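So for the sequence shown, the working numbering puts the first residue at 1036; every next one is plus one. The beta carbon of each residue, even a glycine, is placed where N, CA and C say it ideally should be. All values derive from a computational prediction rather than experimental measurement. Structure first, commentary second.
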Amino acid sequence: MNFSELMQAVRGNPHSVVVPSHWGQGRAGFGGLAAALVYEAMRARVPADRPVRSLAITFVGPLEVEAPVSFEVEVLREGKAVSQVSGRAVQDGQVVTLVQGSFGSARESAIEVEPEPAPEMKPAEDAMELPYVKGVTPEFTQHLAMRWAVGGMPFTNTPKRRMGGWVGFRTEPEARPVDEADLLALVDAWPPATLPYLRAPARGSSLTWTIEFVQPAPKATTGDWFKYLAEIDHSRDGYGHTAAKLWSPDGELMAISRQTVTVFG
C-alpha cells in the first residue's frame, strides 16, 4: 500500500488499519505515517472550512507493523472559529500515538507578515539522494526520498547544526495536490538532525513533535520536490531539540516544525 491508499484505509475504517512492514522504521512503523493516520481520523470530525493550524504529537510507544491499529477521536471544543480535537492511535489497548490538534477558519485581521524567503540550496537534481537499501536504510524510505544539500548524512561525523535538502514521494502513482497528511510524512521523513554528529550507526527517534501549517496552503503536488531545513538548538544527555521548516518547490513556506528527539549514541 502506498501513502494515498493508507490514508483512504483510515478514512474508510478508522477502527482497524494494518500498517505494512514496508512502512517500518526500525522496530516500529514510520512516525510520520502514524501521525498522518491519526490526523486523517481527526480531519473527518472537523468542518471542512476549518483547516488545521497546528498539531502537537507525542509518540507514546512504537506502532507495531502488520498488526491492527484503531483510531479514536474526541472533539474537545468547537467554538465559533476554532475546533480543538484530540486523536489517538491504539494497539492492544495501549495508546501508541497521541495528537492534539487546533483547526481554525480564517478571520479578518489587520496583521499580515510575510515569511522570510526560503534558503538557497543546490537544485534537487544536483543533490545527493539517500538510496533505499533493504536492511540498511529504514523500510519507509522506499516510499519517500531525501536528497542532501546542507550538512551531512547520518553517522558521517559531520558536526554541523544545520541539515537539509529536498524531499519527495517515490511511490505515489499519480501526482495530486498535497495536503497536510502528506506534509506530515515529508517533514518527518528526515532523520534527527543530531545523527550526522555520530561516527557509527545508533538509534534515534522523535519523542514529541509540534508542527504548524501555513494556510491557505501553497499549491504543490505529490510529484514535486520540497525544500527542508532543520537546525539543532541544543543537544545533551541523549535528547536533542531541533527546529525545521518545509517549503514548496516555489519557495513558499508550508510548515514549521519543532521536535524533541532521542539519540541512543
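Local Cβ density within 10 Å of residue i, reported as buried at 16 or more and exposed below that
{"i": "residue 1178", "result": "buried"}
{"i": "residue 1273", "result": "exposed"}
{"i": "residue 1290", "result": "buried"}
{"i": "residue 1060", "result": "buried"}
6 Å CB neighbourhood of residue i in its chain, flanking five on each side removed
{"i": "residue 1063", "result": "1097 and 1098"}
{"i": "residue 1138", "result": "1081, 1085, 1087 and 1118"}
{"i": "residue 1044", "result": "1052"}
{"i": "residue 1123", "result": "1107, 1130 and 1133"}
{"i": "residue 1036", "result": "1055"}
{"i": "residue 1228", "result": "1198, 1265, 1267 and 1277"}
{"i": "residue 1244", "result": "1092 and 1294"}
Beta-carbon contacts of residue i that lie in its chain and below 8 Å, excluding the five residues immediately before and after
{"i": "residue 1284", "result": "1255, 1259, 1260, 1261 and 1262"}
{"i": "residue 1057", "result": "1174, 1175, 1177 and 1178"}
{"i": "residue 1165", "result": "1172, 1176, 1180, 1181, 1182, 1183 and 1188"}
Selected residue, minimal CA-CA separation from residue i, among the options
{"i": "residue 1252", "options": "1048, 1288 and 1155", "result": "1288"}
{"i": "residue 1163", "options": "1136, 1202, 1135 and 1104", "result": "1202"}
{"i": "residue 1188", "options": "1094, 1265 and 1107", "result": "1265"}
{"i": "residue 1055", "options": "1300, 1171, 1076 and 1103", "result": "1103"}
{"i": "residue 1193", "options": "1232, 1100 and 1206", "result": "1232"}
{"i": "residue 1076", "options": "1050, 1093, 1091 and 1066", "result": "1050"}
{"i": "residue 1234", "options": "1110, 1226 and 1191", "result": "1191"}
{"i": "residue 1115", "options": "1142, 1271 and 1278", "result": "1142"}
{"i": "residue 1136", "options": "1152, 1070 and 1270", "result": "1070"}
Proximal residues to residue i (C-beta, below 7 Å), its chain only, five neighbours per side dropped
{"i": "residue 1156", "result": "1184, 1185, 1200 and 1262"}
is_contact[residue i, chain B] using C-beta, thresh 7 Å
{"i": "residue 1131", "result": "Protein chains in the displayed structure number just one, and chain B is not present."}
Do the region 1256-1274 and the region 1215-1224 touch if we need at least three Cβ pairs shorter than 8 Å?
-> Touching, yes.
Can you list, in chain order, the stretches of the beta strand (DSSP E) that have 3 or more residues and sit fully within the region 1207-1251?
-> If one requires a minimum length of 3 residues, the beta strand (DSSP E) runs lying completely within the region 1207-1251 are 1239-1248, in chain order.
Can we say the region 1290-1297 touches the region 1234-1244, given the rule of at least three CB pairs closer than 8 Å?
-> Touching, yes.
Enumerate, from N- to C-terminal direction, the unbroken beta strand (DSSP E) stretches of 3 or more residues contained entirely within the region 1060-1099.
-> Runs found: 1087-1094.
If you scan the region 1110-1153 from start to end, which runs of the beta strand (DSSP E) of 3 or more residues do you find wholly inside it?
-> Correct list: 1117-1126 and 1129-1139.
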